[in-house]
Every structure is written in C-alpha cells, then in structure tokens.
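Colleague: Chains as they are written, first to last, in the working numbering: chain R, -10 to 502; chain W, -10 to 502.
Sharing a structure below in structure tokens format, with a few things to ask.
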C-alpha cells in the first residue's frame, strides 16, 4: 500500500466520507487512491474557496470533518479566506495539501512555496509526513486534532514522493480527548448570577445554539428570565417554531449597544465578549455596558452542552420546560412592489420545515431573522469570520451534508461574486439549494461606513458602485448550469422561492433592488 | 494631513499612478485619501485575485509598481495565489493592506488575523507602520523596495488608526539602489564559453527578454551561434518580426530534455537552471544534460541588460547586427472545422502589430507561440508561478498599462474559472482585451498527468471532467457585461478575433473543442 492509499483509507476508517477537492498534478497519486476508495464521496469545485467553504458547511451540519484535497501552495492559497471563516466557526476540517516530492523542492520549481507557512495561520494542527510509513499515523492524528473540541482545522502537507512510496499501512484512530467541563467554581458563579435579580444574559455559541445545548439554555432562560443571545457571527443556530428564542447581537454597533445596555451580567458559553466588528475613531470597541460583569463560564474548547447541563443541574431545572416559539398563523404572502420588508415576510411565509438558511445577504438581509422567528424549525448559518464569499460554498457543503433538507442561500451581488464558482458545484451535484441574490448593485455596507469619513466624491463612490456594468445573475447562473430567474414583484419572488423549494437541484433568483 | 493621505500622496510623489483595489470598512480613510488624489487611477475588481494579478500585468508592461488596496487578512488571502505568480515574475508591486486599529486587535474581532504572517511568504519587504508620522517614510521605503531589481513585492499593513490619525507628511523618496553588474570574472567566463566551439545557449529572463537586453542577446547569438532560450514561465518576451528569435523551453519534460540535450554550456541571465515543473517517480527533475556546464552569469537581482551589454563589449560585438525574424508573407487564414493547429494559424495570421498576448491556454494553446513567430512584433506574457487563474487578471493589468495596444488573452475553461471576475473589470474600464476561451471541458493537463499513475476509473475521471454541467462562456461573459460569442468553425473564429481587435472594449470568444 502506498502513502496515498494509507492516507485515504485511514481517513475512511475514521469515518471521513466526503472529500471536497480541486486537485492538481502533484496530487495524482492521492486522486488514484480516491479512485479506488468508493466509500469517499468526492465533490469537485472549480475554485478552492468553494472547496474550503463547502467543508465548513458540511462540518457545521454533520459535526464531523470532511477532508479537502488542494493543489500545492497556490491551491491552498485560494482556499485560505474561507479557512479563515472556518477557523472562526471552530469546525473540524482535515485539509490535505499536495507538496512537491521532497527532492524536487531543492530546485525551487515555479510552483514551489512554503506550504506550512501559508497554512499555519489557519491550522490548529499542521504536519508534513516524513515518510510513507508515517502518513497513516499522521492522518489519524490529524483526524483526532480536527475532532478535538470545539472543532479544529488540521492540515496535512503531503509530499508527492511520500504519497507514491509503498510500505504504508492503515493506522488505528486514537480516541478524541473529551472536552472538559467548567470548574465547579465556574458553574457556581454562573448559577449565582442567574439566581440574582440582576438583568442577566447567556451568550451562546457552537453547539450551545442547537439541540441539547439549546434546550438546556432554554430551561435556564425560562426559569431565571435570563436573555439568550448569540454573537452576530452565527456558526449554526436552531430557530423557529418549537425552539427557545435566541436573539442575535446586531452587526451595527449602535443597535448592539442598545440591545446590551441594560444587561449587568453576561455569561459566556464558548463565545467571546461582544465587541464591534470594526473600530471607529473615538468609539469604544466594547459593546456591553461598563457596569456589565462578564463571566467566561465555558471557554472555547470546553464542553458547552455539558456545561449548560451542569448549570441546569445546579439550578435544579432538569424538569423545567423551556419557553418555545409557538406555532402562529404564518403571515400572508406579501405582493406588489419589491421591498426589503416584503422579501423578508415572503421568506418567513414560505420557509419549509427543516430548512437550512445560509445568510450572507449583507445589508439587504437584515430583516430576515426577525421575519423567520415564527417559521417552522430550521437552522441558520452565518458568516463567522467576516471574509465575504462564504454563502454559496457553505450552501454546497450543507446540501451535501443534508440531502433530504432544503437549503435557502440568501446572498447579495457583491458577496456572491467572490465565490460564484460554487454554483457550478451545486449544478454538478444536483444540490437542493435555492439561492436568492439581492442585487442592490453596490457595496452598500461600504457606502454606509464611508459616511463616518465624509460624503464620497465621485472617485470613492465609484469604488462602491458595482452596477456598472450590471451583473446579470440569470446569465451567470445559467452559465454554470443553474436555472435562474429575475423577479421584479413580491408575487413573482414568492412564486420563484416556492418553486425553488419544490424543484430537485439548484435554482437561483435574482432580486434587483 | 492624516496617515492615509500621506501614504497615497507619497506614492503619487514617487510615480505610482494606478491602484487596483477591492477595499473594505477598515480601509475607508484610505479610500477617502484616494477620493482626494485625482492623480491616482483606481481600478475596482470584484475579487482580490484580480487585483493582484492585474498589478502583476501592469508591472510587467510598465516596469513600475502599481499599488493594491486590500481589505484585512481575508482580502489579502484572496489575492495571494496571484501574488505567488507575481513574486515568481519578479515584478514590482506595492501592496497596501488595511488592518484593524491597533487597540481593536486586542479584542480578536471576527476579521482579525495575523496579516504579516499571511503576507510574508509573498513579500520581499513587509512593514506595519507604527504611527501616522511614520507612514509616509514607510511608503517611500516600500516603493524603493518594490523597485529594487529585479522587482519585488513590498507590503504595507496599515492599521486603521494609523491611517486616520493626523500629523503625517509626504515623505521624500530615497533613490533606488542600482542593480549590480556581474563580476568581471563572471563576464570573462561567459565570454570564454561563447568563444568556444561547444554548443552553448543563453537562458534569458526578466528584462533580458525584451528591449535593449534582447538586442544585446541577439548580437551575441548572431556572432557566436549560441541559442537564445527562455524558461517555460515567461514574464514578458518580445517576439515576432524584427526581434531575435528566442525559444521557450517546453513544459513537457520529454520535450524540454530533447531541446536541451545537445547543449553543453548554459549561461543563465537571471534565470534558474531549467528543471521540470513537477517530480515524477524515478525521473530526474533536471532537464539539462549531465555534461552541460551551467554558469550563473547574471544572478537574480543583478542588472541583466547591463550584464549582456558588458558581454557584448567583452566580445566586441557592439556593431554586430542581431539576426531578426523577417517579415514573411503571413499565413492564409484557415477555414473549416476547428483544430488546435487551425486556431493557432488563425491567431498567427491576425495578430496586430504591438499586441500583448497573455497566454494561459494550457493544453489547447501549445501551438500558439510557434504560429506567431512571424507575426508583427508583440509581447508575450505567461504564467510565471504556475498558479492557475492569472490570464484574465494579467490582461486587465496589461490593458490598463497600455491603453493604445491590443491585448489578446488566450485562456481555457478550467483556468478561466479561478478568476472569471476579471471580465467585469474589463467591461467596467472598457479595456481593449479580446479573450479566447478554449473550452475542452476538462482538466486536460491532469488527464494526461494521470496516465503516469494508471488509467482513471470513473471516480478519478469525474475529477478531471468540468463539462458536466457545461460552462457557457457566452452567458458568463454577458453576465459581467462583456459581449461574447461562441464559434464552431475556423472562419467564424477568425472573424470574431478580427472583430475583437477592431472593437473598443472587451470581447470574449468561446471555442468549444
């Protein structure tokens, strides 16, 4: 067995069943190993930012790592912006990056680069196997590292000669270290905060935002009146009818400060203390009140679900029912002229049960979360790292992970352009993704941000204007095999969204604003 | 004057007149400075790989740096694959990357990253200004670093608070260190090799491949019978009627070995000794004969033109006329069914005087250089680092640099998909670029490379197949405002190419193969 086979077979033995890839010449032996490994689904993307973003989406929905296969330093380089997002999402990914044969590195051929240096900022674990006989073990350790809470990026740089050399073997997978629980002191402190009359909130992240973690948080909120909050960059949140209500901290600092101003105790469950996305001259980065006491109850990498359950036990709330969003009459579908509020209402009215909503609609999508609170239960995936161009790739990964669920990808013309190649992978794999492109033909965020600097002159204004020439998303989608339509009324929008949910395979709806 | 103004005004004072950009919130003060600085042309791209690739193309044609303006770590990350190519091209670029305000970094907001770590592998010079009062001087030093031979990437990481703080000033630009000449020993050794009867070649790179450098090399070749060679990854080569003929070393190792097998003395002018792109089991990476003596005559960063002129002087060839490619009757335009040979002949027949050919046509374009030897004089730009997705961005930069020249961008469906957003910038700026997309609907390079591993099974074959679904380049181009057509005969191809050359603004021609 050569190194490539032992790599792929070890990952399969460890439960990895999906490989997102854009391979090159130096990875041909690994491609051959994939060719032989029918247990691994291979998903090709035409740009590496799609590969890494899809691995992120897959991990968010399955809680387990996919592997990537990328071509040398440049292939990795094209994927690192979405690895930034994935590292902020704290999801498990096993990256496999081909490297030149070690003896070839001496010649500094054009594609030579220091792959470890490129990968290091994004990798919690990073190794270049030194021999074919070592690669199985290294793959197993990469897998353990990826699975280590809260979820990590593990990167294997595989020299071609290590991949093609015989004498390798499938390695056993060591057990993954169990995430630690907070100390009893930390539990006691959180409990005492919650028992007080002081306005208190829990700020949840990771798996505290769905499933058992969210249920435990819901019990606490119901019993103590504590608010449940999520950071603006949501990795995955369960929402809608039958779930405890969690409020997301708004992106805009003024709105975030307003939401947080009366909170005097903030209990962090995996999350960092809330700060503004950006700094502004003369403004504080901190969003909480100066009087707010912040308790890092469960720190990143601790067991958030276990921590919340321990807190439930300490407060004797095991039988307390969370307050769940109730099924209400769904709003009537709006009609007439396109408005942001109308679009949000339409999405709220149409979202099917168990949908996965991927949200990078930027300024155009700000009303979407409010409009979908009363929709059937669904998951919401956001941009965790602020690197724009995650939505379409995330949607690919989520749809690959959950073939029986419907994915609604809310995006915008500016953000979609960074990784539009994802549309091709959606078509290729027949993924059930309905993409909505809000086309305001501007970098509206920047237009607004510029107002802090002054009124833009024509030269600055031109840098925010992406409407000259107009991006035609119907053409762009059709060019990659995705059926698409442009809508100019709310009726047509609602009709297209519903048709999207009822159609097998991807569709795209452009909404000029 | 704030830091942002001093940065931009210093660069302008140093002769920088073009900024390729995709800015974000943390760069708003720099955008405001650009708004005020009418001497700087700002070119917006919708993806950062276009920004960096365009800066490369601009530098290749003007021999001076453009600046980029990129948004934090993720914006830089999206641009680094083409910075890999630019660093291999050894061209001057001044990167400006926004960073959070320094006090904001402490909070580890979502977009925080170690920008210096991301930039370091691609930057010969890298600095984060420590205060508004320092940024002018740092910009001046960045400019000097970028201009230092052979051309370097200099990266300035600009914290937002440094940009927005007053008390800055325009800095004087220090003089750029003069590139050194090879030692007289080195000149004498090269001269003695050329005086011998042993088969000798000069391997040229950088500015030895055009202008005075090429003329000097041509004199030497004419007098001594030495072959003139260029490495496969050509930065910029002057070719066609009236220029000395230079042969490019082929990409395929077998063909390269065949070309080099009889050469017994190889004189390197800036170039590295020729090696294969990739390593293959049991094959040597070295392409020259074991009996070939290699002399690193002018090393990277030395004065290639001066070195060749010193060699001309040493050999007393100042009045020797180079052997120049003569004007021949141009081949008749082929017609009938599409063949690769026919497409190449058509390009050879139609290429206008002073054209700039950007070549990333991969397997489909291999005959293009041979077919254009007898075309009117033109420049040829290649992929210097092997990171695929450079052609369209390079064409943007070359067209911005040379508005009176016609750019022919030869690319392929696989390679174009990495940075197709460049088409929008072409339309936006009305650039005279005629793009030809050879659409063989496969990663043909990989199909061929896989043959060294075995016959691909259906799973491997699927990873090389990019034809399901079919990429429709007419739709993709039109979606970004570029008029496009699909041709299915050589007549139609020739007609469209000619029309492209005669049209103001960009056009795209898809050639299904």
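Even glycine gets a Cβ: it sits at the ideal position worked out from N, Cα and C.
Just so it is clear, the structure is predicted and the values come from calculations on it, not from any experiment.
Would you list, in chain order, the members of the stretch 461 to 474 of chain R that have their beta-carbon closer than 9 Å to a beta-carbon of chain W?
Modeller: Listed by position along the chain: 461, 462, 463, 464, 465, 466, 467, 468, 469, 470 and 471.
Colleague: Does the beta-carbon distance from residue -5 of chain R to residue 149 of chain R come in below 8 Å?
Modeller: Against a cut-off of 8 Å, the Cβ pair of residue 149 of chain R and residue -5 of chain R comes out as no contact.
Colleague: Can the beta-carbon of residue 445 of chain R be found less than 8 Å from the beta-carbon of residue 475 of chain R?
Modeller: No, Cβ-Cβ distance for residue 445 of chain R and residue 475 of chain R is not below 8 Å.
Colleague: Could you tell me which of R:404, R:309 and R:293 sits nearest to residue 171 of chain R, measuring between CA atoms?
Modeller: Looking at the Cα atoms, R:293 is the closest of the given residues.
Colleague: Once the 5 residues before and after residue 62 of chain W are set aside, which same chain residues still bring their CB inside 6 Å of it?
Modeller: Hits under 6 Å: 102, 104 and 107.
Colleague: Using a Cβ-Cβ distance under 8 Å, would residue 67 of chain R count as near chain W?
Modeller: Output row for residue 67 of chain R: interface = yes.
Colleague: Counting only runs that start and end within the stretch 145 to 193 of chain R, where is the beta strand (DSSP E) found for 3 or more residues in a row?
Modeller: Qualifying beta strand (DSSP E) stretches, in chain order: 189 to 193.
Colleague: Checking the sheet assignment: what are the DSSP bridge partners for residue 488 of chain W?
Modeller: DSSP lists no partner for residue 488 of chain W.
Colleague: Classify residue 95 of chain R as buried or exposed, calling it buried when 16 or more other Cβ atoms lie within 10 Å of its own Cβ.
Modeller: With fewer than 16 Cβ atoms within 10 Å of its Cβ, residue 95 of chain R is classed as exposed.
Colleague: Of the residues R:304, R:310, R:242 and R:303, which one's Cα is nearest the Cα of residue 277 of chain R?
Modeller: Measuring from the Cα of residue 277 of chain R, the nearest candidate turns out to be R:242.
Colleague: CB-CB under 8 Å to residue 352 of chain W, same chain, minus the five flanking residues each way: which ones, in chain order?
Modeller: Once the five neighbours on either side are set aside, the close Cβ partners of residue 352 of chain W are 401, 429, 433, 434 and 437.
Colleague: Can you check DSSP and say which residues form a bridge with residue 326 of chain W?
Modeller: W:478.
Colleague: Shorter than 8 Å from the beta carbon of residue 267 of chain W to some beta carbon of chain R?
Modeller: Output row for residue 267 of chain W: interface = yes.
Colleague: Just to make sure I have the definition right: I need the residues of chain R whose C-beta is within less than 8 Å of the C-beta of residue 106 of chain W. Which are they?
Modeller: Correct list: 106, 109 and 110.
Colleague: Taking C-beta pairs closer than 8 Å, name the residues in chain R that residue 17 of chain W reaches, listed in chain order.
Modeller: 435, 438, 439, 441 and 442, listed in chain order.
Colleague: May I have the straight-line CA-CA distance separating residue -3 of chain R from residue 125 of chain R, to the nearest angstrom?
Modeller: The straight-line gap from Cα to Cα measures roughly 8 Å.
Colleague: If distances are taken between C-alpha atoms only, which option among R:404, R:42, R:368 and R:322 comes closest to residue 142 of chain R?
Modeller: Nearest of R:404, R:42, R:368 and R:322 to residue 142 of chain R, Cα basis: R:42.
Colleague: Are the C-beta of residue 244 of chain R and some C-beta of chain W separated by less than 8 Å?
Modeller: No, its Cβ sits nowhere closer than 8 Å to a Cβ of chain W.
Colleague: Our contact map puts residue 40 of chain R next to residue 88 of chain R with C-beta atoms below 8 Å; I'd like the distance itself, whole angstroms only.
Modeller: Contact flag wrong, Cβ pair sits at about 17 Å.
Colleague: If you run the structure through DSSP and keep just helix, strand and coil, what is residue 286 of chain W?
Modeller: The answer is strand: DSSP assigns residue 286 of chain W an E or B state.
Colleague: Check this for me: beta carbons of residue 226 of chain W and residue 215 of chain W, under 8 Å apart or not?
Modeller: No; because the gap between Cβ atoms is not below 8 Å, this pair is not in contact.
Colleague: Can you give me the C-alpha to C-alpha distance between residue 457 of chain W and residue 413 of chain R, rounded to a whole angstrom?
Modeller: So the alpha carbons of these two residues sit roughly 9 Å apart.
Colleague: Do three or more CB pairs link the stretch 488 to 497 of chain R to the stretch 22 to 42 of chain W at distances below 8 Å?
Modeller: No: fewer than three Cβ pairs fall under 8 Å.
Colleague: Can you pull the DSSP bridge partners for residue 400 of chain R?
Modeller: According to DSSP, residue 400 of chain R bridges with R:426.
Colleague: Would a check of beta-carbon distances place residue 457 of chain W closer than 8 Å to chain R?
Modeller: Answer yes: the Cβ-Cβ gap between residue 457 of chain W and chain R drops below 8 Å somewhere.
Colleague: Apart from the five residues just before and just after residue 465 of chain R, which ones in its own chain have a Cβ nearer than 7 Å to its Cβ?
Modeller: Excluding positions up to five away in sequence, the list reads 409.
Colleague: Distance check for residue 270 of chain W and residue 252 of chain W, CA to CA, integer angstroms please.
Modeller: Answer to the nearest angstrom: the Cα atoms are 25 Å apart.
Colleague: Taking 8 Å as the cut-off, does the stretch 65 to 79 of chain W touch the stretch 74 to 92 of chain R (at least 3 CB pairs, one atom from each stretch)?
Modeller: No contact exists between the stretch 74 to 92 of chain R and the stretch 65 to 79 of chain W.
Colleague: Since residue 510 of chain R and residue 210 of chain R are thought to touch, with beta carbons under 8 Å apart, how far apart are those beta carbons, to the nearest angstrom?
Modeller: Outside the displayed range of chain R (-10 to 502) lies residue 510 of chain R, so it cannot be described from this structure.
Colleague: Just reading off the beta strand (DSSP E) that residue 87 of chain R is part of, what are its end residues?
Modeller: 82 to 88 is the extent of the beta strand (DSSP E) around residue 87 of chain R.
Colleague: At least one CB of chain W closer than 8 Å to the CB of residue 253 of chain R: is that the case?
Modeller: No, residue 253 of chain R lies away from the interface with chain W (no Cβ there is under 8 Å from its Cβ).
Colleague: Measure from the alpha carbon of residue 228 of chain W to the alpha carbon of each residue in W:-10, W:13, W:344 and W:162, then state which is nearest.
Modeller: Nearest option by C-alpha distance: W:344.
Colleague: Indicate whether residue 152 of chain R and residue -9 of chain R have their beta-carbon atoms separated by less than 8 Å.
Modeller: The answer is yes: Cβ separation under 8 Å.
Colleague: So, at 6 Å on beta carbons, what are the nonlocal neighbours of residue 3 of chain W in its own chain, with the 5 sequence-adjacent residues on each side left out?
Modeller: Cβ neighbours of residue 3 of chain W beyond the five flanking positions: 132 and 162.
Colleague: Any idea if residue 324 of chain R is buried or exposed, counting beta-carbon neighbours within 10 angstroms, 16 or more meaning buried?
Modeller: Exposed, since its Cβ has fewer than 16 Cβ neighbours within 10 Å.
Colleague: Would you mind giving the Cβ-Cβ distance between residue 17 of chain R and residue 441 of chain W, rounded to the nearest angstrom? I have them listed as a contact below 8 Å.
Modeller: With 8 Å as the limit, residue 17 of chain R and residue 441 of chain W qualify as a contact, their Cβ atoms being about 7 Å apart.
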